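Protein chains in written order, with the numbering used here: chain E, 1 to 135; chain U, 1001 to 1139.
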Amino acid sequence: MKNITSLLAGFIFALGLGLSGMMNPLKVKMFLDVTRTWDPALAFVMIGAIAFYAITFRFIVKREAPLCEASFSLPTKTIVDKKLLLGSALFGVGWGLAGICPGPAFANLASGAMSIFVFVVVMVLSMFAVRKLEK
Amino acid sequence: MTIVEDITWMQALAGGALIGLASSLLLFANGKIAGISGIAGGVLNAKKNDRWWRILFVLGLVIGGFITVYLNPNNTILIEVPSLYRSITAGVFVGIGTALGSGCTSGHGVCGISRFSKRSLIATATFMFFGFVTVWLGV
């Protein structure tokens, strides 16, 4: 059951990415191009998603447990450290370089483009390497 | 600065709401935060009973993506496929960055900000700023 809900959540998530324009790297770059020709559309993606989730989140975590698991797994870290800043800065550079962040990278695999396949493999291996080194 | 004339704000808002709905479902049913980099990055490192929901979430992303690729290919990467060199470079930056920073646009930008997490607010401001600068430099 928990695998089916997870599959469905991923599916709906990707529909949202596709409809919103997040799967289009040109649109992402134009959103980031504030000093020249700015396309503010993707700000509305964040507004829509946050408005929805900020409300549902509060109701959902009041429940004793999620539907298919014994407990909620929520982030516990609260400290802003160098790792957070350095990591976010590096991610921002990568996002600006190709206009692709992790969700749209997976959703775009269906395009069959070799470049996005390579992007995903390199991205996942890099994540794996960092986690291994941190242990 | 000029602003584009045709702002697709309705599609963006509706797409954002779908992202919010999907994240709500994952929290409601699985008790998990819908951070794509965390979910995907954990596939290779996860313990056995923590692996399948991750794989299936990512599979759902791929299947959902197929619908947009089929219906509206010009709103996907097919509009401008990056070079292999650019893909490899960006993939390294995105992979290392999201692993070190514990999140990406979804985990920090959507879920974290919705929870009013200070870490996520700062992370989002940081990656957006560096995204702006990278595009501004035109590299």
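Backbone N, C-alpha and C fix where the C-beta goes; we use that ideal spot for every residue, glycine too. A quick note: this is a predicted structure, and the numbers were derived from the prediction, not measured.
In three-state terms, what does DSSP make of residue i?
i: residue 1076/U; result: coil
i: residue 1032/U; result: strand
i: residue 71/E; result: coil
i: residue 1088/U; result: helix
i: residue 35/E; result: coil
i: residue 1008/U; result: coil
Whose CA, out of the options, lies closest to the CA of residue i?
i: residue 1034/U; options: 1060/U, 1079/U, 1106/U, 1011/U; result: 1106/U
i: residue 1101/U; options: 65/E, 98/E, 131/E; result: 131/E
i: residue 1129/U; options: 27/E, 37/E, 91/E; result: 91/E
i: residue 29/E; options: 57/E, 41/E, 128/E; result: 41/E
i: residue 121/E; options: 1026/U, 1007/U, 1016/U, 1040/U; result: 1040/U
i: residue 1088/U; options: 85/E, 87/E, 94/E; result: 94/E
i: residue 11/E; options: 1025/U, 1012/U, 1004/U; result: 1025/U
i: residue 98/E; options: 1110/U, 1083/U, 1044/U; result: 1083/U
i: residue 96/E; options: 72/E, 112/E, 48/E, 33/E; result: 33/E
i: residue 1058/U; options: 124/E, 38/E, 52/E, 1/E; result: 124/E
Could you tell me the alpha carbon to alpha carbon distance between residue i and residue j, rounded to whole angstroms?
i: residue 1048/U; j: residue 117/E; result: 25 angstroms
i: residue 1095/U; j: residue 67/E; result: 31 angstroms
i: residue 50/E; j: residue 1118/U; result: 15 angstroms
i: residue 1081/U; j: residue 1115/U; result: 35 angstroms
i: residue 3/E; j: residue 1022/U; result: 14 angstroms
i: residue 1002/U; j: residue 1112/U; result: 31 angstroms
i: residue 83/E; j: residue 1103/U; result: 11 angstroms
i: residue 1149/U; j: residue 16/E; result: In the structure as shown, chain U begins at 1001 and stops at 1139. Residue 1149/U is therefore absent and cannot be evaluated.
i: residue 1060/U; j: residue 9/E; result: 7 angstroms
i: residue 224/E; j: residue 1052/U; result: Limits of chain E in this structure are 1 at one end and 135 at the other, which puts residue 224/E out of reach.
i: residue 1093/U; j: residue 88/E; result: 10 angstroms
For the alpha helix (DSSP H) containing residue i, list its first residue and its last residue.
i: residue 133/E; result: 114-134
i: residue 79/E; result: Neither: residue 79/E is in no alpha helix (DSSP H) and is coded neither H nor E.
i: residue 1049/U; result: No alpha helix (DSSP H) contains residue 1049/U, which DSSP labels as neither H nor E.
i: residue 1121/U; result: 1118-1137
i: residue 63/E; result: Note, residue 63/E: premise wrong, no alpha helix (DSSP H); not H, not E.
i: residue 142/E; result: No information on residue 142/E is available, as it lies outside the stretch 1 to 135 that chain E covers here.
i: residue 104/E; result: 102-107
query = Do the region 1120-1129 of chain U and the region 57-64 of chain E touch if we need at least three Cβ pairs shorter than 8 angstroms?
reply = no
query = Counting Cβ pairs, one atom from each stretch, are 3 or more of them under 8 angstroms apart for the region 1074-1086 of chain U and the region 16-36 of chain E?
reply = yes
inquiry  = Below 8 angstroms, how does it come out for the region 65-79 of chain E and the region 1018-1032 of chain U: are there three or more Cβ pairs, yes or no?
reply    = yes
ask   = Is the number of C-beta pairs between the region 103-112 of chain E and the region 1060-1068 of chain U that are closer than 8 angstroms three or more?
value = yes
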